[in-house]
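Protein chains: 4
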Amino acid sequence: MVSAEILERLSAVLAERRHADPGTSYVARLYAKGTDAILKKVGEEAVETIMAAKDGDKLHLVREVADLWFHTLVLLAHEGLSHEDVLAELARREGISGVEEKASRNKPAV
Amino acid sequence: MVSAEILERLSAVLAERRHADPGTSYVARLYAKGTDAILKKVGEEAVETIMAAKDGDKLHLVREVADLWFHTLVLLAHEGLSHEDVLAELARREGISGVEEKASRNKPAV
Amino acid sequence: MVSAEILERLSAVLAERRHADPGTSYVARLYAKGTDAILKKVGEEAVETIMAAKDGDKLHLVREVADLWFHTLVLLAHEGLSHEDVLAELARREGISGVEEKASRNKPAV
Amino acid sequence: MVSAEILERLSAVLAERRHADPGTSYVARLYAKGTDAILKKVGEEAVETIMAAKDGDKLHLVREVADLWFHTLVLLAHEGLSHEDVLAELARREGISGVEEKASRNKPAV
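Residue numbers (this note's numbering), protein chains in the order written: chain R, 1 to 110; chain X, 111 to 220; chain V, 221 to 330; chain A, 331 to 440.
This is the structure in structure tokens:
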């Protein structure tokens, strides 16, 4: 089983990169370009995820979902947030029954 | 700190729902509709993530990223995959320097 | 040959619907929901266009592109714009050579 | 009033570019890369349209919708289709009342 600690290590690196010189890494460069550049990458990776799934290529699908999660983590870090906020939101919903969740904010529960 | 165990619990529930009656839950209904219906949700949540970020609404952004991750987990489960495949891919990249990763498959490393 | 006058008739109807009661038509209802609701439809139809193309289903592809153009026309009308602004922009680019256009704003020409 | 003949001229150029050397133009290069490369551009321009609308920047919005229409025309030409198929589909719907259209295929009419 793969440890989910990779999310913590990634978030720590992404938070640290916010103060790095744009020339030193891919992420530092992306931060320097600003929110719109990060959002374009999120959109791109979502489209590539959909295309990989349509191709039925599981290895490619995993890579594209990893790219998509990665760029949402960059987006969150850019806004001073992290994977912990997302996991807390998912855990919050876990405690609410599907019907109640639907009723309370018209969004899917499991 | 929020435990990443929520991903394991979620993946277990999503795998189990694959054999559930479509009438019993949101996810079972989504599986029954098929891959295209799941992909439309992934696309929708990506667009809503981008819109929430443009609004500068952090609480909304976290909810939309949670929706996006959730539906990618549904997609993975539908294909017999899980969060572990994504985390393993992210961990694999962690061991590769940015330059080497770029050279090897022309995709961003941190 | 199909006349492009359909775009003019459509734009006229869409402009007129802005003052209609939300209960009277699909578009009046969409206007009443606001820009975000229209943008979600644009995103949805783009995803469905991509999926139809991946399926290699030409009839479906034409329908999805029609849906996509239709909802961009709704978006334009909502902002007081129309197909004429888009056609004028396309015509403007026609007069610029690919190389010059690239140099002037880093966007594709034909 | 801008003439819609620009769509005819564009479609003629796009059809002709299918037989051009990939090195000679942006579109010839895109055709050579294949359907997936075109679809990524459609996805990108849809995201940029949504972002321009969120910014409330009308000039930018018109440019992004022009980019989006342009790349759907490239996609159509790559599949042996054209703007005429899209206009014919929009004209076909024009003759059907909103309610009947909804009932017949659960898709929006005006």
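All C-beta atoms in this analysis are idealised placements derived from N, C-alpha and C, irrespective of residue type, glycine included.
Bear in mind that the values here come from a model prediction, so they are computed numbers and not experimental data.
Residues of the stretch 150-179 of chain X whose Cβ lies closer than 7 Å to any Cβ of chain A, in chain order: VAL157, ILE160, MET161, LYS164. At a cut-off of 3 residues, not a single continuous stretch assigned as beta strand (DSSP E) sits fully inside the stretch 258-293 of chain V.
For HIS83(R), a Cβ of chain X is located within less than 9 Å of the residue's own Cβ.
Under the three-state reduction of DSSP output, LEU301(V) falls in the coil class, being neither helix nor strand. Around the CB of SER192(X), 16 or more other CB atoms lie within 10 Å, so the residue is classed as buried. For ARG229(V), the chain A residues whose Cβ falls inside 8 Å of its Cβ are GLU424, in order along the chain.
The stretch 73-82 of chain R makes no contact with the stretch 295-313 of chain V, as fewer than three CB pairs between them are under 8 Å. Of the candidates LEU389(A), LEU405(A), GLU338(A), the residue whose Cα lies closest to the Cα of GLU309(V) is LEU389(A). The closest CA to that of VAL184(X), considering only ALA147(X), GLY133(X), ASP167(X), GLY205(X), is found on ALA147(X). Between the alpha carbons of ASP165(X) and THR159(X) lies a gap of roughly 10 Å.
For ALA138(X), the enclosing alpha helix (DSSP H) stretches over residues 136-143. For GLY34(R), no CB of chain X lies under 9 Å from its own CB, so it is not counted at the interface with that chain. Taking 8 Å as the upper bound for CB-CB distance, ARG347(A) and SER355(A) are in contact here, some 6 Å apart.
Straight-line spacing of the CA atoms in ASP277(V) and GLY153(X) works out to 20 Å. Proximity of ALA421(A) to chain V, defined by a Cβ-Cβ separation below 9 Å, is satisfied. Taking all protein chains shown into account, HIS239(V) has fewer than 16 neighbouring C-beta atoms within 10 Å of its C-beta and is therefore exposed. DSSP places SER121(X) in the uninterrupted alpha helix (DSSP H) bounded by 115-127. Annotation for ALA266(V): LEU288 place their beta carbon closer than 8 Å to its own, counting only its chain and skipping 5 residues before and after. Contacts between ALA407(A) and chain V, judged by CB atoms closer than 7 Å, are missing: the closest CB pair is about 11 Å apart. Rounded to whole angstroms, the gap between the alpha carbons of ARG9(R) and ALA53(R) is 28 Å. VAL175(X) and LYS151(X) have their C-alpha atoms spaced approximately 12 Å apart.
Comparing C-alpha distances from THR255(V) to each of TYR361(A), MET381(A), LEU369(A) shows the shortest one belongs to MET381(A).
The DSSP-derived three-state label of PRO132(X) is helix. Using a CB distance cut-off of 9 Å, ALA334(A) counts as an interface residue toward chain V. When the five nearest sequence neighbours on each side are left out, the beta carbons in the same chain lying within less than 6 Å of the beta carbon of HIS401(A) are those of LYS371, VAL372, GLU375, in order along the chain. Excluding the 5 residues flanking it on each side, SER3(R) has no same chain C-beta neighbour closer than 6 Å. Straight through space, the alpha carbons of LEU7(R) and LEU61(R) are spaced by roughly 19 Å. Burial check for ASP131(X): the Cβ neighbour count within 10 Å stays below 16, so the residue is exposed.
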